[in-house]
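So the protein sequences, as listed, match chains C, U and G.
Residue numbers for the first sequence follow my numbering, beginning at 1138 and rising by one.
Residue numbers for the second sequence follow my numbering, beginning at 868 and rising by one.
Residue numbers for the third sequence follow my numbering, beginning at 17 and rising by one.
Where is the CB? At the ideal position from N, CA and C, for every residue including glycine.
I have placed the structure first, in the form of C-alpha cells, so that the comments after it can refer back to it.
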Amino acid sequence: MSTVFIAFQANEETRPIIEAIEVDNAAAEVVHEPAMVKVNAPGHLVINRETIEELIGRPYDLQELQVNLITLSGNLDEDDDALTLTWNE
Amino acid sequence: MTLTTDKTASKKKLGLKERYAAMTRDLGWEPTYRTPEELFPYLTYEGIKIHDWSAWEDPFRLTMDAYWKYQAEKERKFYAIVDAHAQNNGHLNITDARYLSALKLFLQAISPGEYAAHRGFARAGREFAGVGTQVACQMQALDEVRHAQTQIHALSNYNKFYDGFHAFARLRDRMWYNTVPRSFFDDAMTAGPFEFMLAIGFSFEYVLTNLLFVPFMSGAAYNGDMSTVTFGFSAQSDEARHMTLGLEVIKFLLEQDPDNLPIVQGWIDKWFWRGFRVLGLVSAMMDYMLPKRVMSWREAWNIYGQENGGALFRDLARYGIRKPSGWDDAEASIDHMSHQFMLALHHWNFGTAFHTWIPSEEEMTWLSAKYPDTFDRYYRPRWEHMRSIEEQGPQFHNFGLAKLCQVCQLPCVFTEPDDPSTLWQRETAYQGERYHFCSDGCQQIFDNEPEKYIQAWMPMQALFSELEGNVPAWMDWAGLINEQDNLNFHGSADERNFSAWRGLSTTNTTNQENPA
Amino acid sequence: MSVKATKEYVGVPRDSVDKFHGKQIVYLNWHQHLLFAAAFMTWVEPELTFGDYIGGPITALIAADPDAAAVEWDKVEWKVRGESFTPDFAKSLADNGIGHKDLITMHTPGLNTLCGGSLPS
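Shown next as C-alpha cells:
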C-alpha cells in the first residue's frame, strides 16, 4: 500500500489539526521536521471537521487548512465535514 | 461539548459542493452569436478529446470568494515576518554568507519561473472551455504572480547588503544557466493549452516541486533564514492546491477519451525529463550551498521522487499510464548530479552571478557519508586536485566554455547512466546542422519536435555569434559585475561584510570604518 | 513526429555557421578527464591546422589535468561525430573534415588519474 501524506507549517494553528489527525487515524505517523510537521499514513488519511472543533471549541471551516498547508500526496476529496487522501493501489 | 447551535446556523449557508457549483459552473453560458470553436480555437489541434467539461471538479472545491479570504490571510502572515526580518537585521541571523548563493540562484532562476507560470496559467484559463477549469487556472495564475512578487520582495532585503541580487531580471534573460528555466517555461507556453497543463500542472507541480520547496525551505529554516522560509511556505500552501489540480487534470483527460492516453503519456515522458533537468540545480543547492544541511539530495529524492512518485504512478496504472521513460535514468543520476553541477559551477565561477567554493574537509566527510558509493571514488579526487591548485595560487578556472544541450540548455556535464567516467553525449544531424544533447531524454525530445528546438537561443554560442567572444562585453550585457558578483566566495565582499557586520551585531565594539 | 501546430510550422536554425564571423564552433572532449565538466567549446578558423588547434587552445585548456604532460599526441585515439578518424596534423580543420559544431573526442587509454581509478576505458 502506498503512503499518503500531508504536511503543515509547525505553528499554533496547526497543532490541533495534527492532534485531530492522530485521533482519527490510528496508523498515522507524525514526523517533526524543521518548521514543518509531516503526517504519513498507509493508503488513506482523513481529517474530520468535528474532531478539530472538539479540540478548539469553536466552529471550524476545513478550508482554513489552506493557510498552513505545505504539501500533500494522494487523491484528495474535500466536503464540509472531511478532507480525505487516498491511494487506490 | 456540543456545537449543535452553530451547525444549525451554518446550514443556512450553501454547503461546499453547492457553493462550488454556484460559483463555477453556474457562471458559464452558451455563446449565441459566435460558435464555440471561434470562442475557444485551440482546443482540438493537440489531438485531445473532451466530451464533458463539467466533469472537471476541483477536489478542494475552492471558490473565488474563499480564495481571496485565505490568500489575504497568507499575505498578512508573510508581511508580518518579512517586516520583522527587515527591522531586525534578519540577514545577520543566517548561518554563513555562503548560504546567500542559494538565494541568488533562487531569485535569478526560480522567481522568474513563477512569473512565467503566471502568464501561462492566465492564458490557459482563457483557452479552456470549462468554467471549473477556467476558475482553477485563474487562481493558479494569481498564485504564481503572488509567488514572484513575494519572493522578489523578501529577497530585496538581501539586495541592500550583498552582491549578486541586483540584476535578476536581466540575468534571467541573458545568463547562461538561467536560460535553462527560461527555455523550460518558453517551451511549455508555446505548446497548446493541454500540453501546458500537463507540463506545469502535472509533471512540474505534482511530480517535482516538492523536491524544490519542501527540503529547500526546511533548509532555509535550518540556516536561520526566516524570510525565505516564510515566502517558501506561503508559496507552498498554494502548491498543495496546484498539485491536487495537476493530478485532477490527468485523471480528467484520461477519463474523457481513451485516445488521450498515448498523447498524455508522451507529454509525461517529455515533461518529467525537462522538469528533472531544470530542478537538477536544486541538488547542488541542497548538497553544497546550505552551510547547515537538512537532508541530502539523495534522501530528498527517496522521499519525494522514488516513494511519492512511485505511489503516484502505481495509482495511475489503472488508466494505462506508466512511469515516465526517463525515470530509471533519473534514478541512476541521483548520486552523481549534485557533485557534477557544483564542480562545474566552481570551475566556471568567473561567469556566475553567485559565489562558489570548495567544500571543507568536514563537508567532504558529510558528502562521503551521504554518497558512499560515489563521492570518494569519483568526486573527492577532483575537489582535492582543485584544492591543491587553489592552495598554491589562483583557483583553477576552466576557460573552455561549455558544450550546451540543445533542449535543456544545461552544459553537458552528466555521465552515462551506467558509466560515471564517460560524459553522456548524444548528437543528431537535422537538415545539415548538428545538434548536441546531454542525455537520451533530451535527444528524444528534440527528435520528436526538431522544428521547435532548432530555433533555441543558445547563450554560449551567442557569446561568439553576437559578441565575438568578448567576455567583458558579455558581462556588461548580461548584468554581471566582474570581481563583485562572481568568483570564489573566499575573498569576496559578501564574506568580508557578513563577518564584519555579524561581529558588530554580537559585540559592543565601535567600528569607525565602513566594513564595505 | 513534428510540432503540433494550427498551420504549417517552419523553424529556422539560430546558430548556423554564417553567424560566426568566418569562424566555426568546434567541441573537444578528453574522454575520462572530468576535471573539465563538459566538452570544451572553441571558436576557431576552419583554416587552422589540426596541429595548431591541438598545440594552441587545446593544450592550454587541458593543462590543469595531472595527466596533461603525459599525453603522447601520436598515440591519441580520435573520434569525430562518434566515428574513429585519423587526423592529419598538418592539414586544416576543414580539410580534416571537421565542420561547424562537430564534436571531437580524444581517448588516451591508461591515463585517468582523476576519474575513478581502474575503470575500463
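Which residues in the same chain as residue i place their Cβ atom closer than 8 Å to its Cβ, once the five residues preceding and following it in sequence are excluded?
i, result
"E1174/U", "none"
"P136/G", "For P136/G, the predicted structure reports a pLDDT of 43, less than 50, and the residue's modelled location is therefore unreliable. A value from the coordinates is still provided. None."
"T1188/C", "A1157, V1160 and D1161"
"H918/U", "Q1123 and D1124"
"E981/U", "E1011, V1012, H1014, A1015, Q1018 and A1102"
"P82/G", "T129 and L130"
"T872/U", "Because T872/U carries a pLDDT of 48, less than 50, the predicted location of this residue cannot be relied on, and no value is offered for it."
"Y1197/C", "R1186, I1189 and E1190"
DSSP on residue i, reduced to helix/strand/coil?
i, result
"T129/G", "coil"
"Q1123/U", "helix"
"T1232/U", "helix"
"F1304/U", "strand"
"H1169/C", "strand"
"N1177/C", "strand"
"R1363/U", "helix"
"K8/G", "Here chain G has residues from 17 to 137 only, and residue 8/G is not among them."
"V1081/U", "helix"
"I78/G", "helix"
"V1141/C", "strand"
"D1054/U", "helix"
"E1316/U", "coil"
"S134/G", "Annotation note: pLDDT 47 at S134/G (below 50); position unreliable, no value reported."
"H123/G", "strand"
"T1076/U", "helix"
"D1195/U", "helix"
"A1219/C", "strand"
"Q1018/U", "helix"
"R1293/U", "strand"
"T1188/C", "helix"
"N1047/U", "Residue identity differs from the one stated: residue 1047/U is Val in this sequence, not Asn. The answer is helix: DSSP assigns V1047/U an H, G or I state."
"K1118/U", "helix"
"E913/U", "coil"
"F1281/U", "coil"
By Cβ distance below 6 Å, which residues in the same chain neighbour residue i in space, the five residues on each side in sequence not counted?
i, result
"T1223/U", "L1212, H1213 and N1216"
"A1144/C", "M1173, K1175, I1207 and T1208"
"T1221/C", "V1183 and D1214"
"C1309/U", "C1272, V1274 and C1275"
"A1383/U", "Below a pLDDT of 50, predicted positions are generally treated as unreliable, and A1383/U, at 45, falls in that range; the measurement from the model is reported next regardless. Around A1383/U: N1364."
Can you list, in chain order, the residues of its chain with a C-beta nearer than 7 Å to that of residue i? Leave out the 5 residues immediately preceding and following it.
i, result
"Q975/U", "F1035, L1038, R1039, M1042, N1045 and A1220"
"M1064/U", "A991 and V1116"
"N1353/U", "N1216, F1217, G1218, T1219, A1220 and L1347"
"K916/U", "Q1123, D1124, D1126 and N1127"
"A1087/U", "T1095, V1096 and G1099"
"A953/U", "N1024"
"N1148/C", "N1205"
"R886/U", "T930"
"R1008/U", "The question names Arg, but residue 1008/U is Ala in the sequence shown. Excluding residues within five positions, the ones whose Cβ falls inside 7 Å are H985, F988, A989 and G992."
"D1240/U", "D1202"
Taking residue i and residue j to be in contact with their CB atoms under 8 Å, please state how far apart those CB atoms are, rounded to whole angstroms.
i, j, result
"W94/G", "I114/G", "With a Cβ gap of about 10 Å, W94/G and I114/G do not count as contacting."
"L1277/U", "R1144/U", "6 Å"
"W1224/C", "G1180/C", "6 Å"
"P1191/U", "F1119/U", "Actually they do not touch by this definition, with Cβ atoms about 19 Å apart."
"R892/U", "G999/U", "6 Å"
"F1083/U", "M1152/U", "7 Å"
"V33/G", "E1318/U", "The Cβ separation is near 20 Å, so there is no contact."
"N1167/C", "I1154/C", "The sequence shown places Val at residue 1167/C, not Asn. That belief does not hold up - the Cβ atoms of V1167/C and I1154/C are roughly 11 Å apart, past 8 Å."
- Message: Contact between the stretch 1082-1102 of chain U and the stretch 939-954 of chain U is defined here as three or more beta-carbon pairs at a separation below 8 Å; is this criterion met?
- Response: yes
- Give, in chain order, every residue of the stretch 1162-1175 of chain C whose Cβ lies closer than 8 Å to some Cβ of chain U. E1170, P1171, A1172 and M1173
- If you measure beta-carbon to beta-carbon, which residues of the stretch 1140-1169 of chain U are closer than 7 Å to chain C? V1161
- Message: To be precise: take each residue of the stretch 45-67 of chain G, compare its Cβ to all Cβ atoms of chain U, and keep it if any distance is under 9 Å. Which residues remain?
- Response: N45, H47, Q48, L50, L51, F52, A53, A54, A55, F56, M57, T58 and W59
- Query: Between the stretch 1295-1328 of chain U and chain G, which residues of the former have CB atoms less than 9 Å from a CB of the latter, in chain order?
  - Reply: A1296, Y1297, Q1298, G1299, E1300, R1301, Y1302, H1303, C1305, D1314, N1315, E1316, P1317, E1318, K1319, Y1320, I1321, Q1322, A1323, W1324, M1325, M1327 and Q1328
- Message: Any C-beta of chain C within less than 8 Å: which residues of the stretch 1178-1194 of chain U qualify?
- Response: A1178, L1179, R1181, D1182, A1184 and R1185
- Task: Report yes or no: do three or more beta-carbon pairs, one from the stretch 1024-1031 of chain U and one from the stretch 954-968 of chain U, lie closer than 8 Å?
- Result: yes
- Item | Contacting positions in the stretch 1256-1268 of chain U - beta carbon closer than 8 Å to chain G | I1256, F1263, N1265, F1266, G1267 and L1268
- Task: Output, in sequence order along the chain, the residues in the stretch 894-911 of chain U whose CB is closer than 8 Å to any CB in chain C.
- Result: none
- Message: What are the residues in the stretch 1203-1234 of chain U lying within 8 Å of chain G by C-beta distance?
- Response: Q1207, L1210, A1211, H1214 and W1215
- Query: Hey, is the stretch 69-88 of chain G in contact with the stretch 1254-1270 of chain U, meaning 3+ C-beta pairs nearer than 8 Å?
  - Reply: yes
- Determine contact between the stretch 29-39 of chain G and the stretch 58-75 of chain G, defined as no fewer than three beta-carbon pairs at a distance below 8 Å. yes
- Task: With 7 Å as the C-beta to C-beta threshold (strictly closer), list the residues of the stretch 1194-1207 of chain C near chain U in chain order.
- Result: G1194, P1196, Q1200, Q1203, V1204, N1205, L1206 and I1207
- Given 8 Å, three or more beta-carbon pairs between the stretch 1246-1262 of chain U and the stretch 1201-1210 of chain U: yes
- Does the stretch 1191-1202 of chain U come close enough to the stretch 1302-1316 of chain U that 3 or more CB-CB pairs lie under 8 Å? yes
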